[in-house]
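In this text, residue positions in the sequence shown follow our numbering: the first is 455, and each later residue adds one.
One structure is given below, encoded as structure tokens.
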Amino acid sequence: MRVIVSTHDSMAPIKGGGALRTLKCAEEFKRRGHDVIIIAPTDGIGELSGIKTHWLRAPNKQRSQILSSIKFNARLLRKFLQFAGSTDLIFVHNTIAAATIPFLRPFFRFRFILDVTDVHAEYLAAAKCNFIERLATPLVLWIEYWIIGSADKVVVVTRAMRDLLVAKGIPAARISVVYDAAEIDQISPEKDPGAEKAVLHLGTVDRQHGVDLFVRAVPYVAAKHPEAKFLIVGGGRELPNVMALARELGVYDKFLFTDYLPCEKAREYMRSAAIGVIPRLDTLPNRIVTTLKIYEYWAGGLVAVSSFMSGIAEIAEDGRDIMFFPSGDTRAMADTISRLLEDRELRERIAAGGLATVKKYTWAGTTPAIIDIALADDRS
Numbered sequence: 455m456r457v458i459v460s461t462h463d464s465m466a467p468i469k470g471g472g473a474l475r476t477l478k479c480a481e482e483f484k485r486r487g488h489d490v491i492i493i494a495p496t497d498g499i500g501e502l503s504g505i506k507t508h509w510l511r512a513p514n515k516q517r518s519q520i521l522s523s524i525k526f527n528a529r530l531l532r533k534f535l536q537f538a539g540s541t542d543l544i545f546v547h548n549t550i551a552a553a554t555i556p557f558l559r560p561f562f563r564f565r566f567i568l569d570v571t572d573v574h575a576e577y578l579a580a581a582k583c584n585f586i587e588r589l590a591t592p593l594v595l596w597i598e599y600w601i602i603g604s605a606d607k608v609v610v611v612t613r614a615m616r617d618l619l620v621a622k623g624i625p626a627a628r629i630s631v632v633y634d635a636a637e638i639d640q641i642s643p644e645k646d647p648g649a650e651k652a653v654l655h656l657g658t659v660d661r662q663h664g665v666d667l668f669v670r671a672v673p674y675v676a677a678k679h680p681e682a683k684f685l686i687v688g689g690g691r692e693l694p695n696v697m698a699l700a701r702e703l704g705v706y707d708k709f710l711f712t713d714y715l716p717c718e719k720a721r722e723y724m725r726s727a728a729i730g731v732i733p734r735l736d737t738l739p740n741r742i743v744t745t746l747k748i749y750e751y752w753a754g755g756l757v758a759v760s761s762f763m764s765g766i767a768e769i770a771e772d773g774r775d776i777m778f779f780p781s782g783d784t785r786a787m788a789d790t791i792s793r794l795l796e797d798r799e800l801r802e803r804i805a806a807g808g809l810a811t812v813k814k815y816t817w818a819g820t821t822p823a824i825i826d827i828a829l830a831d832d833r834s
């Protein structure tokens, strides 16, 4: 069977959990003997894991997320049209790379499987955006749910996301929940000397990630623990603003900042920290996801400190494998971090709980589950 696998995320080098999840799925299709093509941003690389790739530039999202996505899909459509007539199944990660698929379906016989880890238009609705984006957001929301509803099967990452899609009119029988996972065989929980004094935010720094809350918490933590270090590893549109905020608050010298790094390089910083933070605000789009970083924090032996969100609460338990704080509460976040810096026994217990939990969420179980759903030939 000919299978096209696509995403808007950069797959070479891998930047973000969506790309990793997509590559794992492509590899599983290939392992099962299917003829697989990857159409995705790959920085010009023509083959990944023995799979032929057709590459294109990723959407940069710098000026306008909407215009950037439109341009990306225009480029992507040309690629799809080359292969749609000889393709049996198109597997797409997230709707940004799927906008043209419903328009192709009346003319071609392929099945369409959509793997959703974020509902991107909901971030527009919840965030500050420019005038054009504010005007367009209601239409973009309608289009995104229409794209999701056009898929033969939809795979989502939480029950909260499934419930949202059902409320939007997508049949529940067509939606399956498969949680994300960690490469536990490639992430070490071992720590470098001094790691017990360091706090890490790993991953992209965009509006929805709430990294400014982390920066605002640092003066309170540093007042109690002047020896503490803080790491923000990963680039993004908000990184310059976050760095400026650190300067404004007088804590810039407490931080180590990086730009985007390949996945493997970024993970190396987990050896340098004992605490990993997830400071997202409890908005609808954040509430329905888990984020890959929690699985990687667990696998890396870090204590996960997160604002309370229902999606994460599906897989984590406060005081067992995570420390929750009320969303948006800077002082509560600072107090939780300070407590962990002070209490070695608590820190080690929660980290051990995370290591135990993450063993339930590995790609060896997650990827086959996704592909089983994709290959089931029924449409409910």
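Ideal Cβ placement from N, Cα and C applies to all residues, glycine included.
With three or more beta-carbon pairs closer than 8 Å as the criterion, would you say the stretch 548-564 touches the stretch 589-607? yes
At what residues does the alpha helix (DSSP H) containing Thr821 begin and finish? Trp817 to Leu829
Let me check understanding here. Comparing Cα to Cα, which of Val457, Glu576, Pro467 and Lys469 lies closest to Arg480? Inspection of the sequence shows that residue 480 is occupied by Ala rather than by Arg. When each option's Cα is compared against that of Ala480, the closest is Val457.
Classify Leu667 as helix, strand or coil using the three-state DSSP reduction. helix
Tell me, please, which residues DSSP counts as bridged to Met777. Val759
Where do the ends of the alpha helix (DSSP H) carrying Gly807 lie? Arg798 to Val812
Around the Cβ of Ser540, are there at least 16 other Cβ atoms within 10 angstroms (buried) or fewer (exposed)? exposed
Spatial neighbours of Arg725 within its chain, please: C-beta separation below 8 Å, excluding the five flanking residues on both sides. Ser642, Glu644, Lys645, Asp646, Ala649 and Gly754
Alpha carbon to alpha carbon, how far is Lys622 from Leu829? Give it in angstroms, no decimals. 25 Å
I'd like the span of the alpha helix (DSSP H) that includes Lys525, first residue to last. Gln519 to Phe537
Cβ pair count under 8 Å reaching 3, the stretch 743-751 against the stretch 649-664: yes
In whole angstroms, give me the CA-to-CA distance for Pro733 and Thr820. 26 Å
Burial state of Leu593 (16 or more Cβ within 10 Å): exposed
Any C-beta of chain D sitting closer than 9 Å to the C-beta of Lys469? Structure shown: chain D not included; a single protein chain is present.
Cross-strand partners of Lys607 (DSSP beta bridge): Ile567
Counting Cβ pairs, one atom from each stretch, are 3 or more of them under 8 Å apart for the stretch 767-780 and the stretch 739-748? yes
Beta carbon of Ser760 nearer than 9 Å to that of Phe778: yes
Closest by C-alpha distance to Asp572, when choosing among Thr496, Gln662 and Lys506: Gln662
Give me the DSSP bridge partner(s) of Ser460. Ile493 and Val546
Apart from the five residues just before and just after Leu651, which ones in its own chain have a Cβ nearer than 8 Å to its Cβ? Looking at the sequence shown, residue 651 is not Leu but Lys. Here the set comprises His679, Glu681, Ala682, Lys683, Ala728 and Leu795.
Quick check on this structure: which residue in Ile499, His508 and Glu482 has the alpha carbon closest to the alpha carbon of Ile492? His508
Would you call the CB atoms of Val611 and Ile629 closer than 9 Å? no
Taking buried to mean at least 16 other C-beta atoms within 10 Å of its own C-beta, is Ala406 buried or exposed? Limits of the chain in this structure are 455 at one end and 834 at the other, which puts residue 406 out of reach.
Secondary structure of His655, DSSP reduced to three states: strand
Could you pull out every residue in the same chain whose Cβ sits closer than 8 Å to the Cβ of Arg511, ignoring the five residues on either side in sequence? Pro495, Phe526 and Arg529
Got a sec, what are the start and stop residues for the beta strand (DSSP E) Ser630 sits in? Ile629 to Val631
Could you compute how far the alpha carbon of Leu809 sits from the alpha carbon of Arg532? 44 Å
Which residues in the same chain as Val665 place their Cβ atom closer than 7 Å to its Cβ, once the five residues preceding and following it in sequence are excluded? His655, Val659, Ile686, Glu692, Val696 and Pro733
Grab the span of the alpha helix (DSSP H) containing Gly472 for me, first residue to last. Gly471 to Arg485
Just reading off the beta strand (DSSP E) that Ile729 is part of, what are its end residues? Ile729 to Ile732
Please tell me whether Gly498 and Leu667 are closer than 9 Å, where the distance is taken between their beta carbons. no
Per DSSP, Trp509 is paired with what? Ala494
Which of helix, strand or coil does DSSP assign to Asp639? coil
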